[in-house]
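Number of protein chains: 2
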Amino acid sequence: MAKPQSSVRLQDVAEEAGVSIATASRSLSGTAGVSESVAERVREVAQRMGYVVNVHARSLAAGTSRSVGLVVHEIGDPYFAEIASGVLRVGTREGLTVQICHSGRDPDRELEQIRMLVANRVGAIIIAGSGFVDPALQAAAKRDLQAYRDQGGRVAVIGRHHLGVDAVLPENVKGGRAIADHLIGLGHRRIAVATGSTALTTIADRLAGVEEACAEAGISFADVPVVVAEFTREGGKLAAEEILRDHPDVTAVLSLNDDMAIGVLSVLRARGVAVPERMSVSGFDDVAVAGDLAPSLTTIRLPMVTMGELALELALKAPGNRPRRRSAGHELVVRDSTAPPPA
Amino acid sequence: MAKPQSSVRLQDVAEEAGVSIATASRSLSGTAGVSESVAERVREVAQRMGYVVNVHARSLAAGTSRSVGLVVHEIGDPYFAEIASGVLRVGTREGLTVQICHSGRDPDRELEQIRMLVANRVGAIIIAGSGFVDPALQAAAKRDLQAYRDQGGRVAVIGRHHLGVDAVLPENVKGGRAIADHLIGLGHRRIAVATGSTALTTIADRLAGVEEACAEAGISFADVPVVVAEFTREGGKLAAEEILRDHPDVTAVLSLNDDMAIGVLSVLRARGVAVPERMSVSGFDDVAVAGDLAPSLTTIRLPMVTMGELALELALKAPGNRPRRRSAGHELVVRDSTAPPPA
DNA sequence: TTGAAAGCGCTAACAA
DNA sequence: TTGTTAGCGCTTTCAA
Numbered sequence: 001m002a003k004p005q006s007s008v009r010l011q012d013v014a015e016e017a018g019v020s021i022a023t024a025s026r027s028l029s030g031t032a033g034v035s036e037s038v039a040e041r042v043r044e045v046a047q048r049m050g051y052v053v054n055v056h057a058r059s060l061a062a063g064t065s066r067s068v069g070l071v072v073h074e075i076g077d078p079y080f081a082e083i084a085s086g087v088l089r090v091g092t093r094e095g096l097t098v099q100i101c102h103s104g105r106d107p108d109r110e111l112e113q114i115r116m117l118v119a120n121r122v123g124a125i126i127i128a129g130s131g132f133v134d135p136a137l138q139a140a141a142k143r144d145l146q147a148y149r150d151q152g153g154r155v156a157v158i159g160r161h162h163l164g165v166d167a168v169l170p171e172n173v174k175g176g177r178a179i180a181d182h183l184i185g186l187g188h189r190r191i192a193v194a195t196g197s198t199a200l201t202t203i204a205d206r207l208a209g210v211e212e213a214c215a216e217a218g219i220s221f222a223d224v225p226v227v228v229a230e231f232t233r234e235g236g237k238l239a240a241e242e243i244l245r246d247h248p249d250v251t252a253v254l255s256l257n258d259d260m261a262i263g264v265l266s267v268l269r270a271r272g273v274a275v276p277e278r279m280s281v282s283g284f285d286d287v288a289v290a291g292d293l294a295p296s297l298t299t300i301r302l303p304m305v306t307m308g309e310l311a312l313e314l315a316l317k318a319p320g321n322r323p324r325r326r327s328a329g330h331e332l333v334v335r336d337s338t339a340p341p342p343a
Numbered sequence: 001m002a003k004p005q006s007s008v009r010l011q012d013v014a015e016e017a018g019v020s021i022a023t024a025s026r027s028l029s030g031t032a033g034v035s036e037s038v039a040e041r042v043r044e045v046a047q048r049m050g051y052v053v054n055v056h057a058r059s060l061a062a063g064t065s066r067s068v069g070l071v072v073h074e075i076g077d078p079y080f081a082e083i084a085s086g087v088l089r090v091g092t093r094e095g096l097t098v099q100i101c102h103s104g105r106d107p108d109r110e111l112e113q114i115r116m117l118v119a120n121r122v123g124a125i126i127i128a129g130s131g132f133v134d135p136a137l138q139a140a141a142k143r144d145l146q147a148y149r150d151q152g153g154r155v156a157v158i159g160r161h162h163l164g165v166d167a168v169l170p171e172n173v174k175g176g177r178a179i180a181d182h183l184i185g186l187g188h189r190r191i192a193v194a195t196g197s198t199a200l201t202t203i204a205d206r207l208a209g210v211e212e213a214c215a216e217a218g219i220s221f222a223d224v225p226v227v228v229a230e231f232t233r234e235g236g237k238l239a240a241e242e243i244l245r246d247h248p249d250v251t252a253v254l255s256l257n258d259d260m261a262i263g264v265l266s267v268l269r270a271r272g273v274a275v276p277e278r279m280s281v282s283g284f285d286d287v288a289v290a291g292d293l294a295p296s297l298t299t300i301r302l303p304m305v306t307m308g309e310l311a312l313e314l315a316l317k318a319p320g321n322r323p324r325r326r327s328a329g330h331e332l333v334v335r336d337s338t339a340p341p342p343a
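Keeping their order, the protein sequence lines are chains C and Y. With the UniProt record's numbering as the guide, the letters of the first sequence map in order to residues 1 to 343. With the UniProt record's numbering as the guide, the letters of the second sequence map in order to residues 1 to 343.
This is the structure we're talking about:
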């Protein structure tokens, strides 16, 4: 791609300003030890000549880089888009470039993207995609990240990973418990769960919370239909159809993310199943649109933007001896999609 | 940030493999002129030693870089998130790193981000945020981009800009006309428009389409209430309240993006105004959730993901003599939020 | 087919 | 406070 022909170099600026290249460098990078008058003049000349530092040259010489990498499953997914927004916010504030890559929920792709970021010598890597329940799937990534950290790279993850690094932990278990408690508290006993692949820790944890709540309420979890589909709107639709067909006595669908819940709502509406009168529906995440659906969605709010901000801040902080953990909190948001079961 | 201590260098690989650094370089970057047996051995050694090329060194030496920059208003906005998804898709396919930055609908911030990307010597820059009606606002950006292109950089924009570069053009005017035609065709005569700042070309164009349609239908555009607010859900709420208060005879709210329409729907629902029986509501963009709202939203579909893909493909193509334009198409999607006005 | 060596543009010792 | 200079790790002539 681009073959940046000779543009203005530091050399040229230095000559034009009548100073050495070192002085020019200091003036422009704001290093101390240059008289203000000279620095001022150099900056002026640079500006006039349209000088733009070559980040590659700088990074190579200085051995440091002002950039970070962010790995998400899919940036088009609002959950990750909001996390990215948080990361970008802090990044901009700190004058960092942010490289974003897709892993597509595929460990191999994830590894590939991590290698790419390492090759780019980013200063930090944030992994926002969910971890996998099976540690073996990310073993290679773990090795690479360890090597990266040994060389001074910073790493932070969002969610539960087996990567041994700083982490921002969404309260998936607590949230799962809270939303299940909410439904149970309303009087529901026949609850179905709509979920994505339980190979992901995010999902496994949410499900574990639900199971805990059921156990406490004396509901046998073995009898709770857990319908697995894509963790998307489309998956939610399929799950809803399966639930209506195979479990007609169910009075509440507990969906493990908002996206699936939206799909569930859509099918119920199409089938003329009244929400929440006949069927309650709940989500998880509280994506921006959740409050504006009809009926508005009862869900667990996860502070995605904040999680993104926290993750980058964590990564930027001097590394400690042991992995740090930041809990991101959660909040049960009760809206119109849940109510007591029909009498 | 990260101070990558001596990691494995090409040098080390070369020594270990017993070849010169030049041969090692050729073997790893797939340049012709190395016997396959040697190349194979070098690759093996590199793999074993965990060698990762230093992109900065490579870019500096080769004068080219495998990365592109994407400027959006805000990645948390689904419109831009979907565009980004398209860009990332093509980027990944082509083995390119993608840097994403926020401009926040602010020309100064946009300029700053462009400079950052230029400093990073990205091979291409995609500007996805809307242009401004006033060319002066982007004059500085235009200069910088021109210099960037003179040095071999590629640029493509999404939307109408005064930047003189390759562009993917959403059919904003046609779309505006189509959605207005739809409402007029249903029999609406008292239509209110909910919109963001008309300083943006995206919005100005959509509005122009609406005006055309009105003119053709013999509706005096001067009598059409055009309510300006933030181009967000929140802005939609404010606009809806103003419309209900000041223009009680209106039978349809034509919102210039889906986000505002969602806010409008939310207020109407809260006020007990029946949609579409008493009031029709339309959006623009067809973000993923539009079809799953209640009532589902009649809107203009813009192929955001495709637009992102097209933009990067356009930028990657060898530059022509004159700016190229790609129309991205649009589609009127009629759903449940629009109907004939009350009798 | 291979190797030697000259940079790419910049930073950071070290000297003055 | 300023300047000189040795690299940073790689690609790419040019010569062998």
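Heads up, the beta-carbon is just placed ideally off N, CA and C, and yes, glycines get one too. Computed from a prediction, not measured in an experiment: that's the story for all the values here.
Asked	Found
Spatial distance of Y:Pro4 from C:Gly153 (CA atoms)	Bear in mind that the predicted position of Y:Pro4 carries a pLDDT of just 45, short of 50, making it unreliable; the figure below should be weighed with that in mind. One C-alpha to the other measures close to 7 Å.
Whether Y:Ala261 touches Y:Phe284 by CB criterion (9 Å)	yes
Closest by C-alpha distance to Y:Asn120, when choosing among C:Arg41, C:Glu112, C:Thr97	C:Thr97
Partners in chain Y for C:His102, counting only beta-carbon separations shorter than 7 Å	Leu88, Thr92
C-alpha gap between C:Ile300 and Y:Ser327, whole angstroms	41 Å
Under 8 Å by beta carbon: chain C residues contacting Y:Pro323	Correct list: empty, because the minimum Cβ distance to chain C is about 17 Å.
Opening and closing residue of the beta strand (DSSP E) in which C:Gly69 lies	67 to 72
C:Val155 and C:Leu169 closer than 9 Å at C-beta	no
Cβ-based contacts, 7 Å cut-off: residues of the stretch 131 to 163 of chain Y near chain C	Ala147, Gln151, Gly152, Gly153, Arg154
Y:Glu230 (DSSP reduced to helix, strand or coil)	coil
Limits of the alpha helix (DSSP H) - the one that Y:Ile179 falls within	172 to 185
Residue ranges of each alpha helix (DSSP H) within the UniProt domain "HTH lacI-type" (8 to 62) of chain C, 4 or longer	10 to 17, 21 to 29, 36 to 49, 55 to 62
Contacting residues, own chain, Cβ-Cβ under 6 Å from Y:His161 (five flanking each side not counted)	Gly131
Nearest-angstrom Cα separation, counted from Y:Tyr51 out to Y:Glu40	15 Å
C:Ile243 at chain Y interface by Cβ criterion, 9 Å	no
Cutoff 9 Å: C:Pro341 Cβ touching any chain Y Cβ	no
Check whether Y:Val68 and Y:Gly91 have beta carbons under 9 Å apart	yes
Simplified DSSP assignment, three categories, for C:Pro4	A caution first: C:Pro4 carries a pLDDT of 44, below 50, which makes its placement in the model too unreliable to give a value.
Minimum length 3: unbroken beta strand (DSSP E) runs contained in the stretch 101 to 161 of chain C	124 to 127, 154 to 158
Environment of Y:Thr338 [buried if 16+ CB atoms lie within 10 Å]	buried
Any 3 or more C-beta pairs closer than 8 Å across the stretch 204 to 217 of chain C and the stretch 240 to 250 of chain C	no
Straight-line Cα distance separating Y:Leu70 from Y:Gln113	9 Å
Buried/exposed call for Y:Pro78, threshold 16 Cβ in 10 Å	buried
Beta carbon proximity, Y:Met116 to chain C, threshold 9 Å	yes
Sheet register partners of C:Val168 (DSSP bridge)	C:Ile158, C:Arg326
Minimum Cβ-Cβ distance from Y:Ile179 to chain C less than 9 Å	no
Burial state of Y:Val19, where buried means 16 or more other Cβ atoms lie within 10 Å	buried
CB contact check: Y:Ser65 to chain C, cutoff 9 Å	yes
Close Cβ partners of Y:Arg115 (< 7 Å) along its chain, the five nearest in sequence each way excluded	Asp144
Reference Y:His182, options Y:Ile21, Y:Leu10, Y:Ala22, Y:Val333, closest by Cα	Y:Val333
Assumed close pair Y:Gly236, Y:Asp259 - CB separation to whole angstroms, cut-off 8 Å	7 Å
Pairwise C-alpha distance: Y:Ala81 and Y:Gly287	Before going further, note that residue 287 of chain Y is Val rather than Gly in the sequence given. Distance between the alpha carbons of Y:Val287 and Y:Ala81 is about 10 Å.
Contact check, C:Ile191 vs C:Thr251, beta carbons under 9 Å	yes
Rounded separation between Y:Val228 and Y:Ser197 - CA only	6 Å
Coarse secondary structure for Y:Val287, derived from DSSP in three states	coil
Alpha helix (DSSP H) segment containing Y:Arg269, residue limits	258 to 271
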